[in-house]
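Residue numbers (the UniProt record's numbering): 1 to 1054. Even for Gly, the Cβ is constructed at its ideal location relative to N, Cα and C. Working notes, structure below.
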Amino acid sequence: MSYQNALELNKGPQPGSKSPGRAGGTTTDKEHCPALLENQLSVGDFCKIQNAFEPSEPCQTICMSREEFMQRMTEIVGWGTKEEYGELFDKVDVAQDGFINWDKLTSFMLLALYEKDERAKATVVPQWKDLEFLPVKHKDTIQKVIFLKSSSRYLTISKEGLLGIWGENLKLQETFPITSDTTKLKHLWVTSLVSLENVNKIAVAFTSKEICFYDLLSKGEFPCQYKLQGLKGTPICMEYWYDPLDANESVLSFGDITGKVQAIAFTAALISLFERPAGAHEDEEATVTISWAELLSGYHKCCYTLEHNLHHGDWVRQVTYNASLDAIISSTTSNTNTVVLAWREKSRKHLKMTSFNVAEGIHAFDYHSQLNLIATAGINNKVCLWNPYVVSKPVGVLWGHSASVIAVQFFAARKQLFSFSKDKVLRLWDIQHQLSIQRIACSFPKSQDLRCLFHFDEAHGRLFISFNNQLALLAMKSEASTRVKSHKTAVTCVLYNSVLKQVISSDVGSTVSFWRIDTGQKIKQFTGCHGNAEISTMALDANETRLLTGSTDGTIKVWDFSGYCHHTLNVGREGAVDISQILVLKKTILVTGWERAITVFRLQNFNHFFIQPEKWKGGIEHRGDILCAAFLPPQTLVTGSYDGEIVLWNNSTEKAHYVLHPDYQRLLKSKSDTEPQKLLGAGRSRSPRPGPNQAALGAHSLETHTEGNDAVVGLHFLEARKTTAKTGGANLVSCGGSGYVRFWDTRKKQLLAEFLAHGGVGSIIMSTDKSNQYLATGDLDGRLKIWDIEEYCLNSSKSKITQAPTLIRSFRPHEDQISSLEMCKLGGHLLIISSSADCSICVTDVCGASVWIFGQAKHWQTENWFSLPKRDTNLMKSDIQEESIREIPLLSKKESWLDLPEHSLLDKKNKDDTTFNVRPSEVINLGIKYKERNIFRKKTHNLYNGKVMQKSPASPKTYCYEGTFRSLSIGALKELPEVKKPAFLLDPETYFREKPEEECSQIPELPLLSETLKAVFDEKNLFPKEILDRERRAKQLCQETSSEVKIKRNKKQL
1 MSYQNALELN
11 KGPQPGSKSP
21 GRAGGTTTDK
31 EHCPALLENQ
41 LSVGDFCKIQ
51 NAFEPSEPCQ
61 TICMSREEFM
71 QRMTEIVGWG
81 TKEEYGELFD
91 KVDVAQDGFI
101 NWDKLTSFML
111 LALYEKDERA
121 KATVVPQWKD
131 LEFLPVKHKD
141 TIQKVIFLKS
151 SSRYLTISKE
161 GLLGIWGENL
171 KLQETFPITS
181 DTTKLKHLWV
191 TSLVSLENVN
201 KIAVAFTSKE
211 ICFYDLLSKG
221 EFPCQYKLQG
231 LKGTPICMEY
241 WYDPLDANES
251 VLSFGDITGK
261 VQAIAFTAAL
271 ISLFERPAGA
281 HEDEEATVTI
291 SWAELLSGYH
301 KCCYTLEHNL
311 HHGDWVRQVT
321 YNASLDAIIS
331 STTSNTNTVV
341 LAWREKSRKH
351 LKMTSFNVAE
361 GIHAFDYHSQ
371 LNLIATAGIN
381 NKVCLWNPYV
391 VSKPVGVLWG
401 HSASVIAVQF
411 FAARKQLFSF
421 SKDKVLRLWD
431 IQHQLSIQRI
441 ACSFPKSQDL
451 RCLFHFDEAH
461 GRLFISFNNQ
471 LALLAMKSEA
481 STRVKSHKTA
491 VTCVLYNSVL
501 KQVISSDVGS
511 TVSFWRIDTG
521 QKIKQFTGCH
531 GNAEISTMAL
541 DANETRLLTG
551 STDGTIKVWD
561 FSGYCHHTLN
571 VGREGAVDIS
581 QILVLKKTIL
591 VTGWERAITV
601 FRLQNFNHFF
611 IQPEKWKGGI
621 EHRGDILCAA
631 FLPPQTLVTG
641 SYDGEIVLWN
651 NSTEKAHYVL
661 HPDYQRLLKS
671 KSDTEPQKLL
681 GAGRSRSPRP
691 GPNQAALGAH
701 SLETHTEGND
711 AVVGLHFLEA
721 RKTTAKTGGA
731 NLVSCGGSGY
741 VRFWDTRKKQ
751 LLAEFLAHGG
761 VGSIIMSTDK
771 SNQYLATGDL
781 DGRLKIWDIE
791 EYCLNSSKSK
801 ITQAPTLIRS
811 FRPHEDQISS
821 LEMCKLGGHL
831 LIISSSADCS
841 ICVTDVCGAS
851 VWIFGQAKHW
861 QTENWFSLPK
871 RDTNLMKSDI
881 QEESIREIPL
891 LSKKESWLDL
901 PEHSLLDKKN
911 KDDTTFNVRP
921 SEVINLGIKY
931 KERNIFRKKT
941 HNLYNGKVMQ
951 KSPASPKTYC
961 YEGTFRSLSI
971 GALKELPEVK
981 KPAFLLDPET
991 YFREKPEEEC
1001 SQIPELPLLS
1011 ETLKAVFDEK
1021 NLFPKEILDR
1031 ERRAKQLCQE
1041 TSSEVKIKRN
1051 KKQL
């Protein structure tokens, strides 16, 4: 924290207050009353104090004694008493040297501000969203929930061995058994799961006294690389740690049911976890079996073992290795040796141990390295805080639970602690004050016999609590910020209507909003479009007169811009689905997003309100769920799936003919032909060959490495590249995976280029402009990048290009993940519209203009960014206000609303007659070609994107239009017949002559109220006599009853 920033935190009133004690000032610290002097000093006051300490020569240091400091500060600052400055001096002079200087004073102030910030942070109570139960497919108890940072995914595993893969948005992507041997799973249970992220593996412990290591990068089945056997007891808990500075150093610790704590320390993890036998390299898929006796004997040189048995037969409930303590911490439910810390001294091979004894034992523990505290979840309803070096008694006890505590976990950033008890009550504790600052008792399952799992993902603010096979989620609400919000909830999709010059947005609250692109003003809003279901995606028809909204309730609705729903497309049929994209073609509507097949609606059936889907003739060709699609006229259709495959279809015959993948390609001749071929010019060092029986190729692999995470999230054809058919350049762009963008040549079936656009942030989305000059990519952190792809991959290449195109701009317009991107042209300049989960919609220019947010109080003007073309005054004498456009007339039945006409709006060409100014090229860092293309360039201006042409030389004022007004013919206006003027215009004196004052009738004055009031008004006269008598009798009865009660009470006392 800089000195200037520190001073800005203490804004006090300016000098010159009448009271020397500054009673009229504002105090920032509300905890102290009366306010402390140091909390009232303003920036100006500190500048005066600094001037007092400035020496005349640079080498000198001015020091002040207590008396001198008190005297000079009261004179220089001009307010405050000597006693207050004396107290400040005593606080600064901690060493009691008798003098202070400017360095000591600033150090004290900065330390005080830091402590104040820490106290404020620790007392912040998080706000939670409603409890949500995730749609799991586990049938038995959930044993572990972990988060993979490299791929931004969650893993869940249950006792029966079913592994669930979840996206960062908590959408269940895939579930499959951890091992293909189903007969084996019937006779054993899974007890624990850990992630070995430095080597892209997971370790799973079984009741068969085995620990299996599975590879996350495999493209085939989920293979087991190593199997550790020969353990003396069943491992029931595991934990893994690796050194972030040296990933070769890692420790796998585990505890079993015999009370033994064991650990495997790896010294060359990146090379190999264990020694592979000779000949194992010939078949990398083979499982290497390792016995525990081999590890104890020292046969494997790349690792060594550590163990102790201090728990003496008690089940080890939790174990972890902590690097700051350099010790293995383990716990049991026993009251002796409840928590054991074991560490290894360099000169000895055996572990040295110390232990805590907790009455009745504990269920779990957690360690905070900064606070150096161990928190234990006691069976005796207590949460105890321990210093690792003090074993005699805890340094703090947190009281409040009325049942045994089964889980604890630190909120490290805020120095708070979560605790969860058996009666399903969650508490949050302030560690410094040892107080409970929040209690949550949600509607958890009421079952008495349950196995509970507790996991807090601090990075995402998500708290997972499992109850047997149910998984509940408590998500933190984002902290209140001053950022402008376009929607009340997270924005899911954004579109641009080029006809109306409007931006259309949707959110998870089923709301659709319409905005003016030139000012950012909201025009109208449709609420409850799909009830309370989330709108996941939207699309416009070819004429941009109909809006299609897809929702998680399994329906797609067709709207006009007046808010009328014309059709409902029943996509889900029997339940909710996750619609990812709606592709509107000339004769069909294709829907993707939740299964391996394409859902199709044919326009010939749009005669009813409810429309059912028809069968896609090509059947199922994908091995994973289809996430996106793109179309290239006249008949090329591509679909991308979760497993990284891109299938090429003929849209006319609805048949697939080829499959593209970053690792392989295959020709689809028949249903049985699934053998992959080597990728032309783009092969990788490792190209697995999937077999016919691998029906879920790639979907079963958890692609955590950049080469493994190939899920296709977005597809875009580069339609503007007309010469690629001859030169063999790229005509298709795909994105997704772990931040990679790939360029494909669909004619030669080749991957031409691949580059990392966003590293370490998971999946990304993208958008291109219609001229295919720029590519915009957005990631989960809210960062947006703009790339120049005008000359990227224009020619064919034998080797794959890995160099990224020119990066024009990189910035972060959003605080949360970017959900949708749209690029449009306005006034000859390219705009980028982005929506995000932070509830905002932003717009900016490729050139680097300011970022504006739709919904902000101050509306922008696009001419502030650049000069807009002037409209032809011969055609329009006044601007048409788009706010008044509330309804667009329906098309006739002969012209279907989705039937693309011969001159469609999508085929219009932009030509201009007007000249407009562009920003000077000196301030735009886009390269010479971009500057030359944008400096004082002449364009034509379309009226509502229609072509304006003179019909004939004889009638220069008659025009015809293409586009929306193509059927209109506008000629010169006929002269109207002369209208007779009304009488009040011909003879105004008769109608508007002022009358003399004496003729005006005077209004008589009203008498005073006191003169007319005859008697006092009684409100009881308003009620009937019967009601008044009933009220009087009730009061009388009440008084008699109360008097009798008093008499009886007095008699009893006597």
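- Cβ contact annotation for Lys-485 (same chain, cutoff 7 Å, sequence separation greater than five): Cys-839, Ser-840, Gly-855, in chain order.
- Each residue's CA atom was taken as its position, placing Phe-213 and Ile-157 some 15 Å apart.
- Where Val-733 is concerned, there is no enclosing alpha helix (DSSP H), although the beta strand (DSSP E) around it starts and stops at 732-736.
- Around Leu-295, the same chain offers Thr-305 as residues with beta carbons nearer than 6 Å, after the five sequence neighbours per side are excluded.
- The Cβ neighbour count for Asn-651, taken over all protein chains shown within 10 Å, is at least 16; the residue is labelled buried.
- Within the model, the alpha-carbon separation for Asp-663 versus Arg-483 is close to 43 Å.
- Taking the CA atoms as reference points, Ser-402 sits about 22 Å from Thr-338.
- Looking at Leu-667, Ser-253, Ser-498, the one whose alpha-carbon comes closest to that of Asn-543 is Ser-498.
- A buried status is given to Arg-546, since no fewer than 16 other beta-carbon atoms sit within 10 Å of its beta-carbon.
- As for any beta strand (DSSP E) of minimum length 3 sitting wholly inside the region 273-331, the runs are 288-291, 303-308, 318-322, 327-331, ordered along the chain.
- DSSP places Leu-1037 outside any beta strand (DSSP E); the residue lies instead in the alpha helix (DSSP H), whose first and last residues are 1025-1053.
- Using a Cβ-Cβ distance cut-off of 8 Å, the region 762-773 and the region 730-747 are in contact, since at least three pairs of beta carbons, one from each stretch, lie closer than that value.
- Boundaries of the beta strand (DSSP E) harbouring Met-538: 535-540, taken from the DSSP string.
- The shortest CA-to-CA distance from Leu-172 to any of His-138, Asn-309, Leu-756 is the one to His-138.
- If you look at Leu-88, you'll find it isn't in any beta strand (DSSP E); it sits in the alpha helix (DSSP H) that goes 82-92.
- Its Cα nearest to that of Arg-462, the residue Leu-170 stands out among Ile-818, Gly-782, Leu-170.
- Annotated as proximal: Phe-601 and Leu-569, with beta-carbon spacing under 8 Å.
- Put simply, the region 71-85 does not touch the region 102-115. Fewer than three CB pairs are less than 8 Å apart.
- Between the alpha carbons of His-758 and Ile-178 lies a gap of roughly 31 Å.
- Contact between Ser-820 and Cys-493 holds, since their C-beta atoms are separated by about 5 Å, short of 8 Å.
- Between the alpha carbons of Trp-429 and Asp-366 lies a distance of about 14 Å.
- DSSP lists Val-558 as the beta-bridge partner residues of His-567.
- Secondary structure at Ser-355: strand, using DSSP grouped into helix, strand and coil.
- In the DSSP assignment, Gly-255 is bridged to Cys-237, Val-261.
- Rounded to whole angstroms, the gap between the alpha carbons of Thr-267 and Tyr-389 is 28 Å.
- Assigned with DSSP and collapsed to three states, Ile-786 falls in strand.
- Around the CB of Asn-468, 16 or more other CB atoms lie within 10 Å, so the residue is classed as buried.
- The secondary-structure analysis by DSSP pairs His-716 across a beta bridge with Val-733.
- Boundaries for Glu-544: no alpha helix (DSSP H) harbours it, and the DSSP string shows neither H nor E there.
- Sorting Met-823, Glu-132, Val-843, His-530 by C-alpha distance to the C-alpha of Cys-442 places Glu-132 at the top.
- Nearest to Ser-436 by C-alpha distance, out of Val-124, Lys-858, Ser-799, is Val-124.
- For Asn-309, same chain residues with a beta-carbon under 7 Å away, outside a window of 5 residues either side, are Gly-259, Lys-260 in chain order.
- A contact between stretches requires three or more CB pairs, one per stretch, nearer than 8 Å, and the region 804-811 meets this requirement with the region 776-791.
- Looking from the CA of Phe-46, the closest CA among Pro-126, Lys-422, Asp-103 belongs to Asp-103.
- Inter-residue distance for Ser-836 and Asp-816 is about 6 Å (C-alpha atoms, whole angstroms).
- Annotation for Thr-74: the continuous alpha helix (DSSP H) segment containing it runs 66-77.
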